[in-house]
Every structure is written in C-alpha cells, then in structure tokens.
Amino acid sequence: MVAPFRYVFVFIAFFLLLGVRSASAADAPYVQTPWNVVEAMFKMGSVGPNDFLIDLGSGDGRIVIAAAAKHGARGFGVELDPNLVNTARREAERQGLKDRVTFLADDLFFVDLSKATVITVYMGEGVNLRLRPSLFKLKPGTRVLSHDFDMAQWQPDEKLTVPVPNKPYGAPRSDVFLWVIPADASGRWQWQAASSATAVEHSVVYEQMFQMLSGSAGTAARSAPVQNARVRGDTVSFAALIERDGRAVRHEFSGRLQGDVIEGRVTVEGVQTPWRATRTARGKMTIESPVAN
Numbered sequence: 001m002v003a004p005f006r007y008v009f010v011f012i013a014f015f016l017l018l019g020v021r022s023a024s025a026a027d028a029p030y031v032q033t034p035w036n037v038v039e040a041m042f043k044m045g046s047v048g049p050n051d052f053l054i055d056l057g058s059g060d061g062r063i064v065i066a067a068a069a070k071h072g073a074r075g076f077g078v079e080l081d082p083n084l085v086n087t088a089r090r091e092a093e094r095q096g097l098k099d100r101v102t103f104l105a106d107d108l109f110f111v112d113l114s115k116a117t118v119i120t121v122y123m124g125e126g127v128n129l130r131l132r133p134s135l136f137k138l139k140p141g142t143r144v145l146s147h148d149f150d151m152a153q154w155q156p157d158e159k160l161t162v163p164v165p166n167k168p169y170g171a172p173r174s175d176v177f178l179w180v181i182p183a184d185a186s187g188r189w190q191w192q193a194a195s196s197a198t199a200v201e202h203s204v205v206y207e208q209m210f211q212m213l214s215g216s217a218g219t220a221a222r223s224a225p226v227q228n229a230r231v232r233g234d235t236v237s238f239a240a241l242i243e244r245d246g247r248a249v250r251h252e253f254s255g256r257l258q259g260d261v262i263e264g265r266v267t268v269e270g271v272q273t274p275w276r277a278t279r280t281a282r283g284k285m286t287i288e289s290p291v292a293n
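Per my numbering, the very first residue in the sequence shown carries number 1; after that it's consecutive.
#1: Using DSSP's beta-bridge definition, name the partner residues of I54.
#2: Curious, which full-length beta strand (DSSP E) runs of at least 3 residues does the segment 249–276 contain?
#3: What's the gap between the Cα of L123 and the Cα of G57?
#4: Quick check on the burial criterion: 16 or more other C-beta atoms within 10 angstroms. Buried or exposed for W179?
#5: Which residues does DSSP list as the beta-bridge partners of K159?
#6: Comparing C-alpha positions only, which one of L80, G255, L213, V200 sits nearest to F109?
#7: Quick one: grab the DSSP three-state call for S146.
#8: Residues in the same chain with beta-carbon distance under 8 Å from A199, minus the five sequence neighbours each way, listed in chain order, please.
#9: Report the rounded CA-to-CA distance for D150 versus R74, giving the unit in angstroms.
#10: Which stretch, first to last residue, makes up the beta strand (DSSP E) that contains R230?
#11: Taking Cβ to Cβ, would you say L84 is nearer than 9 Å to D107?
#12: Taking C-beta to C-beta, are V162 and P34 nearer than 9 Å?
#13: Can you find the residues in the same chain that come closer than 8 Å, C-beta to C-beta, to H377, ignoring five residues on each side of it along the sequence?
#14: Put E288 into one of helix, strand or coil per three-state DSSP.
#15: Need the endpoints of the beta strand (DSSP E) that L131 sits in, please.
#16: Which same chain residues end up closer than 8 Å to P49 when comparing Cβ atoms and leaving out the 5 residues on each side of it in sequence?
#17: Count the other CB atoms within 10 Å of the CB of S186; is the residue buried (16 or more) or exposed (fewer)?
#18: Between R230, F238, M212, Q211, which has its C-alpha nearest A224's C-alpha?
#19: Locate the beta strand (DSSP E) running through L241, then write down its first and last residues.
#20: How should A66 be labelled, buried or exposed, when 16 other C-beta atoms within 10 angstroms of its C-beta is the threshold for buried?
#21: Pop quiz: G77 and D112 are said to be a contact at Cβ under 8 Å. What is the actual Cβ separation, rounded to whole angstroms?
#22: Decide if P165 is buried, meaning its Cβ has at least 16 other Cβ atoms within 10 Å, or exposed.
#23: Might you give, ordered along the chain, the residues of its own chain that have their beta carbon closer than 7 Å to the beta carbon of A333, omitting 5 neighbours on each side?
#24: Taking the alpha helix (DSSP H) that L84 belongs to, which residues open and close that run?
#25: Identify the residues that DSSP records as bridge partners of W191: which are they?
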C-alpha cells in the first residue's frame, strides 16, 4: 500500500509547485498578464473614468491598479492567494490609489459582480464557462474581457491578437476577447410604417441566443428572414427585405432598447427616418448550458 500513497503525494506536490489557486476557482497556475496585453484589453473595452472594473483572479493587482492610474477607473480585484493580495495592496498604497481600488482574498465565484461595468479575467475556459450564467445577470452594456480563453458557444463581439515575444508558454502571442452583455430583445415587436398614403402594421419576431438574433420581419401579408441581427448592450440592429409600394426593399434598423420599447432609426434607400417599435409578446433569451455533463 506504500506505492499508491507515494503517487498521491507526488500528484499533490506537483500541483502545489504549479501554483494552483483553487479547484473551485480555476485549476490554473498564476501567470502575469503582459503589459501590452493589459493595454490592449483597456483599449478594446474602452476603459475610462466612469468605469468600475473587477478583475477575477487579480494576481499582483496590475490590471486594477493600471486601470485606476492610467484610465481613472475604480474597482477591485479578487484573488485566492493572500500573498498576492498583500502585494497588490502595497502597490496600490505606494501609488496613492487606496481610495480607488481594493483587493479581496476570496473565491471569485462568491463575489458580488453587480457594480461592474467592466470584468477582466485570465483564468481558463473552464472558469469562463462557469462564470457565464453570472455574467448574463449583469447590466446590459457591461464589457467582459478575457485574456487567451473564450466562452465556447458564446461568440465574442470582438477579438484581437497581440504579439507576446517572451510568453512563458505556447505561441508568442495572446488573444484578447470582448463580449458586451446583451439586453433581452426576444419576442414580438410591432411598429407602423408609411406606405404611400397609408400606415401599414409591421412586426419582427426575434429568437435570441446570446447576442445573436434570428427571426422574420415584415407585414401580415409578407415577411422575410432578418439579416445581420444582433444585440450589443442595449442596442438592437438588423436588416430585412420588406415590401414597400409593391416591391421588396432593404430596410436597415438600429435602436436602443429600454424595457419593451426600441427607439432609433430605419434607413431605406439611403434615407433615414425615426423608428419606434413596441414589444407585444415576450420571448426568452437562450443561454446554452455552460458545463457539459
């Protein structure tokens, strides 16, 4: 019975040497995010003075501190390793940022994210997938930035590859992903549009998976599939071939969603006019199960 116990000891020691932080939080060693990747994340996420940034797995605190020092943001970092938390706190104090940033020694899955306007994470795809349901509870428009790891079926709104010549593992580059939490635009929407001298009732029926929309738009007599339909924060946009004066004409819609109203503009043959749609039946935004059984 000696050999099995020896193998167990070696297995545990191996993970301790890797610096594994927590089975519940990451199953991943601490690796610093390169500075050029940090700046790429800030630029992609348009981080600024009005933002509250939460860094999940904050390590030495560099992302939260740089967001405050260089971009005027506020926020906090959460990290399981108390030594790294103390390092981050000392650096924040050294830079005179104690009133703008804080650091918590805690498990990221137990932290309240509701104040965030920006979330940053560098913890592995498994953690990203476990986080996904919590992220969809955040306010539409909240930006989520991930270094190197995606969200599986939830496609990013933007992706950027950054050169990292001295990367300690893999190819000498890093991917940065951006997702913008979408509003729920699912359901049936109606509006009136002028056709010659009469007002014609139009509608669009959306099915929504993450930020992507599918469905059809048009009149009771004729409808067509929507094109390029998506939600970015609280902005809804789509196009459709809708009958106008007896012919199918491309309509391009864009508007801001607030509750059960979308207000914006529609562009038809180069001419923009106001557009206002009202939701008459609710649907349900679909988020696929983040963890396979």
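Think of the CB as a built atom: it goes at the ideal place given N, C-alpha and C, for glycine as much as any other residue.
Inspection of the coordinates gives the following:
#1: To locate residue 54, count along the sequence shown from 1; it is residue 54. The partner list for I54 (beta bridge, DSSP) reads F76, I119.
#2: 261–268
#3: In the sequence shown, the residue the question calls residue 123 occupies position 123. In the sequence shown, the residue the question calls residue 57 occupies position 57. It should be pointed out that residue 123 corresponds to Met in this sequence rather than to Leu. The straight-line gap from Cα to Cα measures roughly 7 Å.
#4: In the sequence shown, the residue the question calls residue 179 occupies position 179. Answer is buried; the Cβ neighbour count reaches 16.
#5: In the sequence shown, counting from the first residue as 1, residue 159 sits at position 159. Beta-bridge pairing links K159 to F177.
#6: The residue given as residue 109 occupies position 109 in the sequence shown. Nearest of L80, G255, L213, V200 to F109, Cα basis: L80.
#7: Position 146 of the sequence shown, counted from the start, is the residue given in the question as residue 146. S146 falls in the strand class under three-state DSSP.
#8: In the sequence shown, counting from the first residue as 1, residue 199 sits at position 199. Hits under 8 Å: Q192, A193.
#9: Reading the sequence shown from its first residue, position 150 is the one you call residue 150. Reading the sequence shown from its first residue, position 74 is the one you call residue 74. Distance between the alpha carbons of D150 and R74 is about 25 Å.
#10: Within the sequence shown, numbered from 1, the residue matching residue 230 stands at position 230. First-last of the beta strand (DSSP E) with R230: 227–232.
#11: Here the question's residue 84 lines up with position 84 in the sequence shown. Here the question's residue 107 lines up with position 107 in the sequence shown. Contact flag unset, no.
#12: Start at 1 with the first residue of the sequence shown, and residue 162 comes out as number 162. Start at 1 with the first residue of the sequence shown, and residue 34 comes out as number 34. Taking 9 Å as the Cβ cut-off, V162 and P34 qualify as a contacting pair.
#13: Missing from the structure shown is residue 377; the chain here goes from 1 to 293 and no further.
#14: As a first step, residue 288 must be located in the sequence shown, where it is residue number 288. E288 falls in the coil class under three-state DSSP.
#15: For the purposes of this step, residue 131 is identified with residue 131 of the sequence shown, where counting begins at 1. Counting along the chain, L131 falls outside any beta strand (DSSP E), though it belongs to the alpha helix (DSSP H) covering 125–135.
#16: Against the sequence shown, residue 49 aligns to sequence position 49. Result list for P49: H71, G72, A73, in chain order.
#17: Position 186 of the sequence shown, counted from the first residue, corresponds to residue 186. Buried, because 16 or more other Cβ atoms sit within 10 Å of the Cβ of S186.
#18: As a working mapping, residue 224 is identified with position 224 in the sequence shown. Closest by alpha carbon: F238.
#19: Position 241 of the sequence shown, counting from 1, holds the residue named residue 241. Looking at the DSSP string, the run of the beta strand (DSSP E) that includes L241 is 235–244.
#20: Along the sequence shown, one-based indexing puts residue 66 at 66. A66 is buried by the Cβ-count criterion.
#21: Position 77 of the sequence shown, counted from the start, is the residue given in the question as residue 77. Position 112 of the sequence shown, counted from the start, is the residue given in the question as residue 112. Incorrect: roughly 14 Å between the Cβ atoms, too far for contact.
#22: Taking the sequence shown and counting its residues from 1, the one referred to as residue 165 is at position 165. With fewer than 16 other Cβ atoms within 10 Å, it is exposed.
#23: Because the chain spans 1 through 293 in this model, residue 333 falls outside it and cannot be assessed.
#24: Within the sequence shown, the letter at position 84 stands for residue 84. Start and end: 82–94.
#25: Counting from one through the sequence shown, the residue named residue 191 turns up at place 191. H202.
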